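In this note's numbering, the protein residues as written are 5 to 380.
Report on the structure given below.
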């Protein structure tokens with residue numbers, strides 16, 4: 005498998021669910037939290053440093069808080085999104101990152117989603133893990149240098165419960181010291197993994213279905229993770245002998261899958277139409293708004309609606325509502341009591357709405373989509 009580094013392309017704005025290009029001075033706490041738990045041999049809690057449009061995640065071989073041999077040997081980093089993501093959204097998760105130096109054996113760089121169900125004490129996860137043990141081993145036709153994993157309802161307290169699949173994959177001509185794009189897609193019936201837009205693997209038997217956050221981390225596992233562990237990785241005895249390893253993240257983005265290329269999320273089309281065969285310019289409910297506009301406005305494409313912005317609106321309807329009185333049409337909106345129309349050269353008060361005429365409506369509240377009952 006030969007990979008060429010592709011230039012990053014962010015999806016059109018209406019398909020973006022989450023994005024961070026790390027151009028702020030510090031980590032945006034409206035988007036991210038910093039993990040502080042123990043993971044393997046590492047105490048997480050280091051905060052990424054932002055500079056030059058990248059977030060730098062670090063691993064330190066000296067842990068100044070280690071007072072006994074039973075405490076974590078190293079310091080690591082994990083960031084996780086505040087936002088949760090669901091499988092029924094049909095999403096694509098993408099990151100661009102590079103290692104800043106070669107890493108000693110025994111380290112893991114991971115890009116993954118994770119969700120934990122408190123009621124069942126089970127977890128869902130999708131992983132791309134870059135193990136320094138793999139990278140530091142000469143590539144042969146039978147070796148692997150990237151680890152992929154997927155979990156559904158996995159239980160650590162009940163061995164055998166849930167489903168877990170690990171896949172070790174060989175990627176050729178792949179330089180971790182350069183920026184690469186890592187991506188996985190969570191679809192209704194499968195998950196897919198990519199590096200630099202080259203498909204690595206497709207899983208169809210296990211599909212996580214619980215809400216999950218998106219995470220990046222940098223840590224050292226214990227010997228129970230034998231593929232990634234190395235006894236050669238030892239903690240520094242003092243701050244002066246500390247070694248810092250790091251990798252830079254240029255951006256993280258989560259987008260709706262749009263395999264038919266119509267700028268409408270496939271999940272939205274399936275929800276409202278049962279499939280993705282319709283075009284973006286169709287107007288199934290006849291309210292004058294195309295499917296693309298309904299998606300962008302987050303309105304129902306199968307319900308005739310009038311959109312009211314806050315303040316004054318000039319509106320017109322194309323069809324006759326079952327009850328066309330002003331009070332019935334705008335019953336769900338907070339509007340001023342008087343609706344105006346132009347009649348015989350003067351503004352007059354309207355009591356009913358007729359198709360193709362213009363009406364001035366003052367919306368006292370925030371923007372709202374007003375549904376109309378239309379049977380003809």
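Cβ coordinates follow ideal geometry from the N, Cα and C atoms, glycine included.
Just so you know, these numbers come straight off a predicted model, no measurement behind them.
Give every residue of the same chain whose Cβ lies closer than 7 angstroms to the Cβ of residue i, excluding the five residues on either side of it in the sequence, and list them in chain order.
i           : result
residue 305 : 276, 288, 289, 295 and 298
residue 359 : 321, 322, 323 and 324
For residue i, which of helix, strand or coil comes out of DSSP?
i           : result
residue 75  : coil
residue 24  : strand
residue 272 : helix
residue 19  : helix
residue 237 : coil
residue 118 : strand
residue 9   : Residue placement at residue 9 is flagged as unreliable, the pLDDT there being 33, under the threshold of 50; a coordinate-derived value is accordingly withheld.
residue 221 : strand
residue 137 : helix
residue 277 : helix
Under DSSP, the beta strand (DSSP E) around residue i begins and ends at which residues?
i           : result
residue 158 : 150-158
residue 243 : Neither: residue 243 is in no beta strand (DSSP E) and is coded neither H nor E.
residue 55  : 53-55
residue 298 : From DSSP, residue 298 is part of no beta strand (DSSP E) but of the alpha helix (DSSP H) over 295-301.
residue 61  : 58-64
residue 33  : That residue, residue 33, is in no beta strand (DSSP E); it is neither H nor E in DSSP.
residue 106 : Counting along the chain, residue 106 falls outside any beta strand (DSSP E), and DSSP gives it neither H nor E.
Just how far apart, CA to CA, sit residue i and residue j?
i           : j           : result
residue 279 : residue 270 : 8 angstroms
residue 93  : residue 325 : 33 angstroms
residue 105 : residue 135 : 14 angstroms
residue 208 : residue 111 : 29 angstroms
residue 356 : residue 274 : 36 angstroms
residue 10  : residue 169 : Reliability of the predicted coordinates at residue 10 is poor, the pLDDT of 34 falling under 50, and the value obtained from them is presented with this limitation in mind. Whole-angstrom Cα-Cα distance: 28 angstroms.
residue 331 : residue 204 : 58 angstroms
residue 138 : residue 236 : 15 angstroms
residue 142 : residue 175 : 12 angstroms
Could you give the residue range of the alpha helix (DSSP H) that holds residue i?
i           : result
residue 89  : Looking at the DSSP string, residue 89 is not in any alpha helix (DSSP H), and its letter there is neither H nor E.
residue 332 : 330-333
residue 320 : Taken as a continuous stretch (DSSP letters only), residue 320 belongs to no alpha helix (DSSP H), as it is neither H nor E.
Within its chain, find whatever has a CB closer than 8 angstroms to the CB of residue i; leave out the 5 residues flanking it on each side and keep chain order.
i           : result
residue 194 : 206, 207, 208 and 211
residue 251 : 60, 61, 101, 102, 103, 104, 113 and 222
residue 327 : 333 and 377
residue 243 : 66 and 68
Excluding five sequence neighbours on each side, which residues of the same chain lie with their C-beta closer than 6 angstroms to the C-beta of residue i?
i           : result
residue 291 : 308 and 309
**Report entry** Touch test, the region 73-88 against the region 31-47, Cβ-Cβ under 8 angstroms, three pairs minimum
**Finding:** As far as the Cβ criterion goes, the region 73-88 touches the region 31-47, which means the pair count is three or higher.
Query - Three CB pairs or more closer than 8 angstroms across the region 213-230 and the region 24-35 - result: Segment contact: the region 213-230 against the region 24-35, fewer than three CB-CB distances shorter than 8 angstroms; contact not assigned.
Query - Touching by the beta-carbon criterion (3+ pairs, under 8 angstroms), the region 310-321 and the region 358-378 - result: Yes: at least three Cβ pairs fall under 8 angstroms.
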